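Quick note on the UniProt record's numbering: the sequence shown kicks off at 1 and runs consecutively. Where is the CB? At the ideal position from N, CA and C, for every residue including glycine. From a predicted model like this one, the values you see are computed outputs, not experimental measurements.
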Amino acid sequence: MTTLLFPNLTAKSISSESMLVLWYQPWVETTHSAAKLQRIWLAAANEALRHELDFISAVTPIYSKLTCCMLGFKGPQTLSSMAICYHNTAEDMTEATFNRMRKVSELSEDIRERIWSEL
């Protein structure tokens, strides 16, 4: 039976500076990437909130117009004038909603592009 001989495996002394470099470099790289991804996510959340505020500011005059129609602030209401007012209000609301959906769809594409460019 033969005996397998192992080489001498003695530990070399490592200075505290080289140990710090071995630990610090990978930690900085992973933390830096995580911080960039967090910044991208926060920027996207900020844009989404800004789009929602734009939608609310676009919808506010529409509701005011609808209230004027319902309460008859512009004079006595007839069925045809109320129908025209509701129709115009619905058109404005539809346009605001489509603009909102367009901005949200662009936002999802934009965040994907940012994340992939970071990775």
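When rounded, the separation of the alpha-carbon atoms in A44 and R112 is 10 Å. In the structure shown, the three-state DSSP call for T78 is coil.
F55 sits in a helix when the DSSP states are folded into three classes. For the 9 Å CB-CB criterion, A58 and L107 do not form a contact. Taking every protein chain shown into account, the CB of C69 has 16 or more other CB atoms within 10 angstroms, so this residue is buried.
Contact between R114 and H51 fails: their C-beta atoms lie close to 16 Å from each other, not under 8 Å.
The C-beta distance from T89 to I62 rounds to 6 Å, short enough to meet the 8 Å contact threshold. It is roughly 11 Å from the alpha-carbon of S105 to the alpha-carbon of F98. Within the same chain, Cβ atoms closer than 7 Å to the Cβ of M82 are found at C69, the five residues on either side in sequence being excluded.
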